[in-house]
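Position 8, counted from 1, in the sequence shown is what the numbering used here calls 11; the numbers after and before it change by one each time, with no gaps.
Glycine is no exception: its CB is placed at the ideal position from the N, C-alpha and C atoms.
Below is one structure, written out as structure tokens, with a few remarks after it.
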Amino acid sequence: MAEPQTRRRAPDQGPEGLEGGIEMPSLFEPKEFANFSKRNMELATRAARAYFDGAAQMNKELSDFLNQRMRKDLECARLLMTSKNGEDAFSAQSDFVAAAIKDYAEEASRIFSLAAGIANEALKPQTSD
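So, in structure tokens, the structure goes:
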């Protein structure tokens, strides 16, 4: 297989701060352009796969959390409806609010952590295979 044709950019053509120019593939050669495009498509596919896998994880996490919260919401409603006095109702409502604040704060932490992991995976530098 023939070596890719490259051309040397003159220092004045390169970005500022690069001494001696940079090696670039000649994209005017059809074969080199195809190889360059193929590599970009592979990288985009890897990033998209990481994103969609992460979106599936995020969806499962949110679904599980909402199911758990719905059960707790219904249990609180049952406790309020069966309360014998105001003190029992107040206690049920107070416990519900405290648990909800804790649950939502923990879920937000899990979601942010999951989102950071998704971003890191999707944007991870790729090396040549």
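Inter-residue Cα distance where the pair is CYS79 and LEU117: 29 Å
Hey, ALA95 and LEU82: beta-carbon distance below 7 Å or not? yes
Backbone CA spacing between ALA59 and LEU65 [nearest angstrom]: 10 Å
State yes or no: is the C-beta of GLY57 within less than 7 Å of the C-beta of ILE121? yes
Quick check: the Cα distance between ARG52 and MET44, rounded to an integer number of angstroms? 12 Å
Between the Cα of PRO128 and those of ASN38, LEU77, SER40 and ARG49, spot the shortest distance and give me the residue it belongs to. ARG49
In this structure, how does DSSP classify LEU126 when only helix, strand and coil are distinguished? coil
May I have the straight-line CA-CA distance separating LYS63 from LEU69, to the nearest angstrom? 10 Å
Backbone CA spacing between LYS87 and GLN71 [nearest angstrom]: 26 Å
If you reduce the DSSP assignment to three classes, tell me which class THR48 lands in. helix
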